[in-house]
Structure formats: C-alpha cells, structure tokens
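*Asks:* Here the protein sequences line up with chains L and S, keeping their order.
Position one of the first sequence corresponds to residue -3 (our numbering), numbered consecutively onward.
Position one of the second sequence corresponds to residue 5 (our numbering), numbered consecutively onward.
Using N, Cα and C, we set each Cβ at its ideal position, and we do this for glycine too.
Every value quoted in this text rests on a predicted model; they were computed, and no experiment measured them.
Here it is: the structure, laid out below.
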Amino acid sequence: MTDLIKIFSIKARDFVKAGEGSIQIQSLLKSIGFDTDLIRRISICAYEAEMNAVMHGGDGELRLMVDPKEIVLEINDNGPGIEDIDLALQDGYSTATPEHREMGFGAGMGLPNINKNADSLEIHSDNGQGAHLKIRFEVQNS
Amino acid sequence: MDGTGQDTEPVRYVQIDESLCNGCVLCMKACPTKAIRIKEDLAQVQGFCINCGECARVCPRGALAAARSNDFDLSETGEYIVSPCTTLYAQFGEDVLPNDILLGLKKLGFWYVHDQAYTSEISSFATELYIRESREKKNAPFPLISPLCPVVIKLIAYRFPSLLKHVLPLATPRELVTREAKKRGAEKYGRKPEEIKLLHITPCQAIADSVMEGASREGPCQDKAIGINAIYEPLQRIIQEIDDDTVLHHSGGIGLGWGMSGGEVAALDRNCLAVSGLHETIRYLEMIEMGLLQDLDYVEFRVCGVGCLGGPFAVTDKYRAKHILQKLILIFGVEKRIKYKYVIDLYNKGWFFTDKEPRSREIKPPQLSSSEISKGIERQRSVEEIFRLLSRKECGACGAPDCRTFAEDVVDGDTTLENCVFLKKKGAISIQV
Chain L
-3 MTDLIKIFSI KARDFVKAGE GSIQIQSLLK SIGFDTDLIR RISICAYEAE
47 MNAVMHGGDG ELRLMVDPKE IVLEINDNGP GIEDIDLALQ DGYSTATPEH
97 REMGFGAGMG LPNINKNADS LEIHSDNGQG AHLKIRFEVQ NS
Chain S
5 MDGTGQDTEP VRYVQIDESL CNGCVLCMKA CPTKAIRIKE DLAQVQGFCI
55 NCGECARVCP RGALAAARSN DFDLSETGEY IVSPCTTLYA QFGEDVLPND
105 ILLGLKKLGF WYVHDQAYTS EISSFATELY IRESREKKNA PFPLISPLCP
155 VVIKLIAYRF PSLLKHVLPL ATPRELVTRE AKKRGAEKYG RKPEEIKLLH
205 ITPCQAIADS VMEGASREGP CQDKAIGINA IYEPLQRIIQ EIDDDTVLHH
255 SGGIGLGWGM SGGEVAALDR NCLAVSGLHE TIRYLEMIEM GLLQDLDYVE
305 FRVCGVGCLG GPFAVTDKYR AKHILQKLIL IFGVEKRIKY KYVIDLYNKG
355 WFFTDKEPRS REIKPPQLSS SEISKGIERQ RSVEEIFRLL SRKECGACGA
405 PDCRTFAEDV VDGDTTLENC VFLKKKGAIS IQV
C-alpha cells in the first residue's frame, strides 16, 4: 500500500514553472526525514523527468508515491513519445531543438541521468502515445 | 525536534523588544528557516535560526536586533592584535587608503595590526589549486561552494545537508589570520601564540557571533569580534591625525575585492559564479541539489546583497562602499603580486587546509529508522489533508509564515485550525481531521 501520493501537473513549454514540482518533492521528502543523499537522487530524477516532459512531452503529470520501503516517481505526458528508447538512454543523445539548447538544456543527459540515479527505471512509449516513466528508489533503513 | 528531525539550536542571535513589536507578519515571512511565529501579537523565534539577520532588516519598528552586545572598550586595545575584514577599507571614502586605516588602528593602541586582505589574496590562489586537483579526481562534488559566509554554511546544514560535501575544505582567510597573525605577532614580540588575543573587526553579525562562540573551524579561542560600527567613530577621528608612514598594507586589488560579491572568484581562472542575497542563494542551492550547475567549478555565495559590504554592522551605504572598493581595486591593481611558488609550497604543506569539518555538520540529521519514517509519512499525510482545507492566501494572520507551515503546526499540536481566519469565515472549523 502506498502511504502518501502527491500529484504535480506539468505544462508543456512552461520553462518558468518547470522544476517547481521537483523543488516541492525535495522539501516534502526532507520534512518526512529521508536520508539526504536519497532525496538528492530523487530530486535529480524528478527534475530531469519534469524537464523532459516540458521540452518534448506536452502536458502531463508527475506523481510521487511514498511508503517506508520505496519511493516511486511516475511521469506521464501526452507528447509525441520517445522514438528509440535505447538510443535515448545513451549519454549525449539528444533530440533537443536549437531553442532548448539556447536555454542551456538538451545536452542529452536527461534519461541517462535518471537511469544512473534511480534503483530501477521503466519506460513505456509507443510513438504518438506519450512517454510514461516509472522510477523507483529503495529506502535503506538503519 | 522539528519536522526535519534536527534538534533546534538554542536561540541566541536575535532578541525581540516586546515594547516595539506589534505582531505584524514581516519578520516571520522573511525568515528562510521559518523559525518565527507570531503568538499573542508578539514575534517569537522558536525554530532553527541561521543568524541571517533578515528579520531585523525587514522590521519597520526596529523591534529585532542582534542579541549580543557589540561594545568595545578602547582602553583594552593594548591587549589585542587586530585584523580588520576587507570591508573596513571601504568605509571612509576613496581618499582614505587601507594603509591609513591600518595605521589608525595602530594608533588606537593595538599592538599588532594584520592586513587580512593579504591573506585573502593568497587564499584565492589556494582555491584555484584545490579546484584543479579536484577536477582530476573522479566523482569529486561540483560545484564547490565557498566556506566564507557562515550563514550560507548554516543554511546548507539546515536545508541542504547533502551539499555539505561541496563546501571547500580550506580554512577561510579569517581563520588563517587567526592562526597566522598570532604566530607572527608572537615571533615579533616574543610572546606565546596561545597568550595572544585577536580582535576581528567585521561588518557581519554572524561572523562576530561565531568568533565569540569560539566556534571557528580552527577551534576555540579567546578572541573577540566587534562590528565596524562599534569602532568607526574613534577610528575615523584618529585617521585624521596620522603622521606615520610605516607600510602595513600589503594586499593588491585581488585581496581587496573579497569584501564585495564577486570579489572572491574574480581572481580565479576557472568557471565560477558569484551569487548574493538570501533568496537567490536559496534558489541556486536548490539547483545544485538537483544536480544542476555541475559544469561550474566554484560558487561564491553571500547572503547579504552586494556581499559583505551589505552586512548589518557596516556603516557606509553598501553601494557607496562598493564604489569605493572598486576605486581601491583600480588603484592597487589586480596583477598577481604574490609569488606563485610560495603559495604552492604553502599549499603542499597543508597550510591552507582545515581539519575541522564545518561546525554545522554536527547537526546533520541522523538516519531515521523504518518506524520513524512511517511516522514521518503519516505526519506528512495529515499535513496534506489539512493543507487541502486551507485557502492558501498565505496571509500569516494565524501566526505561521504560510499555509503549509500552519498545517504542519496544526499536526504537531502547536496551533489549532481556529486560528485560520478564512476557515473561521467559512464556518468550516467544525471539520474534523
């Protein structure tokens, strides 16, 4: 059973609000009292996933699910989807537009970064059906 | 204990004059750690205070002030070595040069005067050496964060503990001076270093407090710190009477620049950023915690706008002072005056390093057990339920800084839902949660 669920909406191309959800997730997990390095890994993933949706995805939502053993992030958007998931997971592979690059995004490190920081990552995307990410983190207790 | 699982430190930095406080919400809303509540029309500091001074800055009635006395008895100068912060050089107008100010201090009776700006200057080079070394290591944390501003270090320890490993492990110029001025003073005048007392002159309440607490990373000491404002007038008078031409000032423009935002990183031939102001500092720390900005080598954070010149104990307006400092930098130049080899030798000997962790690391939250985590999640769920009931006008009339904190306070039993004026208006307080 998931003890706490929180949903944040994501708006396509809204670079001003982008990252807000990740910051709120960060502070929520801090006030629960999780280990700070775990929180750091989660907020890196939340931010990367949120930015991916904002840049490529379209509207969508970021869902945080917390229980004492596991924290899960789910990101669903209704954008064009990811054409080649294996390729997208490679360092430096990017489909960012020049506009994204001008803003300092699109280095092709988004999904690889999530992969690196998560304990597990599932990606589902059929062309034209949006992208769906499930990112899991184990909670190590002392 | 608060929601982050940290013990709160006894409050001692700010005192509230109850005869002046009218219980408005300004200080409470300005506090970056949400440590202030309004109870029965009075502000109360009840959470973790990082000594940033924002509450005192925003209070229109002058009801909040530094808790510690900032007086200094001039008849005691003979007991002390004095080491002024670089910002002192920018307090007397552009015609008064650093050497005049140091001579003035000598004339006030201090038995040894140390130019801290010189130590700052060599510290810049040491920072550069450390950055270069770290970039060659795999998995070294980047960007590195300046250890200089004590409020930033406290803020990191409290709100961003995962970033403590980013803090540069070199001693700050003030800490190096504490060590070095004593050694030099001792050599020159045949005393023992531990017998020597040092007086810091600073624009910063937080630095003054940390010196007085003996909490410097270099260990406890019997030193003292006073604000620039505590010595300004007698110093200004005596500077007019100087007829001495001894040279006490040795730094160039690089060391002088440290008093203002951007000064510390100006000499670094690396990819750096200088961020000043409390809210900007928080915003950039959030970004670093999300793994951004790793391309940067070093970030200089100062919670005061314009840097240390904006400290609460400074006398001259910060923008005027900045202009004076810029003039002084032009006069003294930014070319490298120090022999690089000399700095490298000191660096390799470990002279710049501090073996002390930032003091605030001690308050790093313990790892919670599974049942404590369950309790934390349960608490958070109750907070979310109450938060959903609130109007989110963020008015502060309930005595908490924002609606979310109010919801937390209700769950923790520190306040009740009746204190929300909007719920009361809706007649909705009968809702049981």
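1) Please return the same chain residues whose Cβ sits closer than 8 Å to the Cβ of residue 45 of chain L, not counting the five positions on each side in sequence.
2) Mind checking the stretch -2 to 23 of chain L against chain S and listing, in chain order, the residues whose C-beta falls within less than 8 Å of any C-beta there?
3) For residue 392 of chain S, would you say it is in contact with chain L, using Cβ-to-Cβ distances shorter than 8 Å as the test?
4) Identify each residue in the stretch 251 to 276 of chain S for which the Cβ-Cβ distance to at least one residue of chain L is less than 7 Å, and report them in chain order.
5) Determine, using beta carbons only, whether residue 211 of chain S and residue 229 of chain S come nearer to each other than 8 Å.
6) If you draw a straight line from the C-alpha of residue 40 of chain S to the C-alpha of residue 56 of chain S, how long is it?
7) Identify whether residue 29 of chain L lies in helix, strand or coil by the three-state DSSP scheme.
8) Could you please give me the residues that DSSP links to residue 304 of chain S through a beta bridge?
9) Counting pairs of beta carbons, one from the stretch 324 to 341 of chain S and one from the stretch 95 to 104 of chain S, are three or more of them closer than 8 Å?
10) Measuring only the C-alpha atoms, how far is residue 355 of chain S from residue 20 of chain L?
11) Among S:65, S:18, S:191, which one has its Cα closest to the Cα of residue 51 of chain S?
12) Do residue 272 of chain S and residue 236 of chain S have their C-beta atoms within less than 8 Å of each other?
13) Grab me the residues of residue 65 of chain S's own chain with a C-beta within less than 6 Å of its C-beta, minus the 5 sequence neighbours each way, in chain order.
14) Reducing DSSP to helix, strand and coil, say where residue 229 of chain S ends up.
15) Would residue 135 of chain S be called buried (16 or more neighbouring beta carbons within 10 Å of its own) or exposed?
16) By Cβ distance, which residues of its chain are closer than 8 Å to residue 20 of chain S, with the 5 residues on each side in sequence left out?
17) Which residues bound the beta strand (DSSP E) around residue 69 of chain S?
18) Got a sec: which bits of the stretch 36 to 47 of chain L sit with their beta carbon under 7 Å from any beta carbon on chain S, in order along the chain?
19) Do residue 186 of chain S and residue 202 of chain S have their CB atoms nearer than 8 Å?
20) Let me see if you follow: with CB-CB separation under 8 Å, is residue 150 of chain S close to chain C or not?
21) What residues in its chain sit with their C-beta under 6 Å from that of residue 118 of chain L, if we drop five residues either side in the sequence?
22) Give the list of continuous alpha helix (DSSP H) stretches no shorter than 4 residues that lie fully inside the stretch 242 to 278 of chain S.
23) Using DSSP with H/G/I as helix, E/B as strand and the rest coil, what is residue 8 of chain S?
24) Within 10 angstroms of the Cβ of residue 255 of chain S, are there 16 or more other Cβ atoms? Answer buried if so, exposed if not.
25) Quick one, which of L:92, L:78, L:91, L:133 has its alpha-carbon nearest residue 120 of chain L's?
26) Since residue 91 of chain S contacts residue 243 of chain S with CB under 8 Å, what's their CB separation in whole angstroms?
27) Determine, for residue 29 of chain L, whether the minimum Cβ-Cβ distance to residues of chain S falls below 8 Å.
28) Please list the partners that residue 62 of chain L has in chain S, where partner means a Cβ-to-Cβ separation under 7 Å.
29) Is there a Cβ from chain L that is less than 8 Å from the Cβ of residue 290 of chain S?
30) Run through DSSP, which three-state label would residue 367 of chain S get?
31) Report the start-end ranges of each beta strand (DSSP E) in the stretch 61 to 103 of chain S that is 3 residues or longer and not cut off at the edges.
32) Run the CB neighbour count on residue 221 of chain S, radius 10 Å, all protein chains shown included, and call it buried at 16 or more, exposed below.
33) Under 7 Å Cβ-Cβ, which residues of chain S neighbour residue 33 of chain L?
34) Could you give the distance in angstroms between the alpha-carbon of residue 115 of chain L and the alpha-carbon of residue 357 of chain S?
35) Can you name, in chain order, every residue of its own chain whose Cβ lies under 8 Å from the Cβ of residue 76 of chain S, other than the five neighbours on each side?
36) Going by C-alpha to C-alpha distance, which of S:105, S:188, S:83 sits closest to residue 250 of chain S?
*Replies:* With the given structure in hand:
1) 58, 69, 71, 106, 110, 129, 131
2) -1, 0, 2, 15, 18, 19, 22
3) no
4) none
5) Against a cut-off of 8 Å, the Cβ pair of residue 229 of chain S and residue 211 of chain S comes out as a contact.
6) 13 Å
7) coil
8) S:278
9) The answer is yes - the stretch 95 to 104 of chain S touches the stretch 324 to 341 of chain S, with three or more Cβ pairs under 8 Å.
10) 42 Å
11) S:18
12) no
13) 24
14) Of the three classes helix, strand and coil, the one that applies to residue 229 of chain S here is strand, per DSSP.
15) buried
16) 46, 47, 48, 49, 67, 68
17) Secondary structure note for residue 69 of chain S: its beta strand (DSSP E) is the uninterrupted segment 68 to 70.
18) 36, 39, 40, 43
19) Annotated as proximal: residue 186 of chain S and residue 202 of chain S, with beta-carbon spacing under 8 Å.
20) Among the chains of the structure shown, chain C does not appear; the protein chains present are L and S.
21) Same-chain partners within the cutoff: 130.
22) 257 to 260, 267 to 270
23) Residue confidence is low: residue 8 of chain S scores 39 on pLDDT, short of 50, so the model does not pin down where it sits. No coordinate-derived value is stated.
24) buried
25) Put simply, of L:92, L:78, L:91, L:133 the residue whose alpha carbon is nearest the alpha carbon of residue 120 of chain L is L:78.
26) With 8 Å as the limit, residue 91 of chain S and residue 243 of chain S do not qualify as a contact, their Cβ atoms being about 16 Å apart.
27) yes
28) 381
29) Taking Cβ atoms only, chain L reaches closer than 8 Å to residue 290 of chain S, which makes this a yes.
30) Confidence in residue 367 of chain S is poor, its pLDDT being 49 and thus under 50, which makes the residue's placement unreliable; the coordinate value appears in the next sentence. DSSP, read as helix, strand or coil, puts residue 367 of chain S in helix.
31) 68 to 70, 84 to 88
32) With a pLDDT of only 48 at residue 221 of chain S, under the threshold of 50, the placement of this residue in the model should not be trusted, and no figure is reported.
33) 166
34) 36 Å
35) 203, 228, 230, 234, 235
36) When only C-alpha atoms are compared, the closest one is S:105.
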